[in-house]
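So the sequence lines, in the order shown, correspond to chains P and B.
Taking this note's numbering, the leading residue of the first sequence gets 117, the next gets one more, and so forth.
Taking this note's numbering, the leading residue of the second sequence gets 117, the next gets one more, and so forth.
The structure appears right after this line, and notes come after that.
2 protein chains.
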Amino acid sequence: MKIPQKFFARRHEIAADYLKELDKHLDDILSGRATEMFEVRDFAELIHVHPTHLSNTIKAATGHSPCYFFEERLMEIARTMLQNVNMPIAEIARILTYDPSNFTKFFKHFGGQTPKQYREAYFESLVANKEIVNT
Amino acid sequence: MKIPQKFFARRHEIAADYLKELDKHLDDILSGRATEMFEVRDFAELIHVHPTHLSNTIKAATGHSPCYFFEERLMEIARTMLQNVNMPIAEIARILTYDPSNFTKFFKHFGGQTPKQYREAYFESLVANKEIVNT
DNA sequence: TAAGTAAAAATGGTGACTGTTTAAGTTTTA
DNA sequence: TAAAACTTAAACAGTCACCATTTTTACTTA
Chain P
117 MKIPQKFFAR
127 RHEIAADYLK
137 ELDKHLDDIL
147 SGRATEMFEV
157 RDFAELIHVH
167 PTHLSNTIKA
177 ATGHSPCYFF
187 EERLMEIART
197 MLQNVNMPIA
207 EIARILTYDP
217 SNFTKFFKHF
227 GGQTPKQYRE
237 AYFESLVANK
247 EIVNT
Chain B
117 MKIPQKFFAR
127 RHEIAADYLK
137 ELDKHLDDIL
147 SGRATEMFEV
157 RDFAELIHVH
167 PTHLSNTIKA
177 ATGHSPCYFF
187 EERLMEIART
197 MLQNVNMPIA
207 EIARILTYDP
217 SNFTKFFKHF
227 GGQTPKQYRE
237 AYFESLVANK
247 EIVNT
């Protein structure tokens, strides 16, 4: 059974475009060029499709909703920032366009730990490794 | 066992100040001198303490949160107003800086009845008393 | 050193808003 | 013309903004 190569090509094009725009936007957020987080409708507009269609198409192409990729990248960024102990958690929240309360909820929901718990666990693991090295 | 009278004097001072400012503010609301309801941070500013500290201190001094006294007084005022049948419920809500929907939610949550139910029950009880007197 | 204070973070609640899903339809294209 | 691409509406589920409270940590002062 031969599967035509061009079938469903468009949906993968849309998914690729979305991921590209998503990364670009997150770069803008981190560099301060953008201070407001895009919503699905903003990405849909960039790609010239209806928001509902964007959502459905990306789910069909990748098995995940647009939001999933968004959250995945945000967690990655948040973890990296938390490894810098000098950066207050409220400031990290602000950069990621969250208020402190909702940032904690978001991080705990997807990471299983509160931001502070993650930071502490990270530094404890550093110390533990250092002790092993020094011994 | 002697308990020194001055111990924890400050927390009771703060609680008293809060209750005083609360009543003053509610007077302003009722007279129309104020149309926006104060929040905890507004009272904290008046008393020159941190909002968190105000909340903690009042809980320690009285066993109740600032919100509790606020709600208690609002319910009292609302009940009094509802006893005046000429005053539309939406107008009562407006004076108390609620929109009608949220006023009903608030009143039912703390009073167990909707404002309209309370008003009707109140007038039925008046009529019942009158009948007893006339008999 | 107990009491007072400040501040950061976590937690809880709520109304408004946003995202996803589903279902039904229209347009495009191979 | 049938599959694929797309739109729209409506239901619902989830998130965000905002506020209050609680917990924890830390600093100051009588």
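For each residue, glycine too, the CB sits at the ideal point set by N, CA and C.
Note that the structure is a prediction, hence the values are computed from the model and not measured.
At what residues does the alpha helix (DSSP H) containing residue i begin and finish?
i: P:Phe-223; result: 216-227
i: P:Asn-172; result: 167-178
i: B:Leu-162; result: 156-163
Helix, strand or coil: which one does DSSP assign to residue i?
i: P:Ala-150; result: coil
i: P:Val-201; result: coil
i: P:Phe-124; result: coil
i: P:Thr-196; result: helix
i: P:Ser-241; result: helix
i: B:Tyr-234; result: helix
i: B:Leu-135; result: helix
i: B:Leu-142; result: helix
i: B:Leu-190; result: helix
Beta-carbon within less than 6 Å of residue i's beta-carbon, same chain only, minus the 5 sequence neighbours each way: which residues are those?
i: B:Glu-236; result: none
i: B:Ala-244; result: none
i: B:Glu-137; result: Phe-159 and Leu-162
i: P:Thr-173; result: Arg-127 and Ile-130
i: B:Ala-209; result: Pro-216 and Phe-219
i: B:Lys-175; result: Ser-181
i: B:Asp-144; result: Ala-150
i: P:Ile-205; result: Pro-231
i: P:Thr-178; result: Ala-131
Rounded C-beta distance between residue i and residue j? I'm assuming under 8 Å.
i: P:Leu-190; j: P:Leu-170; result: Not a contact, Cβ separation roughly 19 Å.
i: B:Phe-185; j: B:Leu-242; result: Wrong, their Cβ atoms sit about 29 Å apart, outside the cutoff.
Excluding five sequence neighbours on each side, which residues of the same chain lie with their C-beta closer than 8 Å to the C-beta of residue i?
i: P:Val-201; result: Arg-235 and Phe-239
i: P:Leu-146; result: Ile-193 and Ile-211
i: B:Leu-198; result: Ile-205, Ile-208, Pro-231, Tyr-234, Arg-235 and Tyr-238
i: B:Tyr-214; result: Phe-222
Going by beta carbon distance, what residues of the same chain come within less than 7 Å of residue i, once the five residues before and after it are set aside?
i: B:His-141; result: Ala-150 and Phe-154
i: B:Thr-220; result: Thr-230 and Pro-231
i: B:Lys-224; result: Thr-230
i: B:Val-165; result: Ile-130
i: B:Pro-167; result: Val-156, Arg-157 and Ala-160
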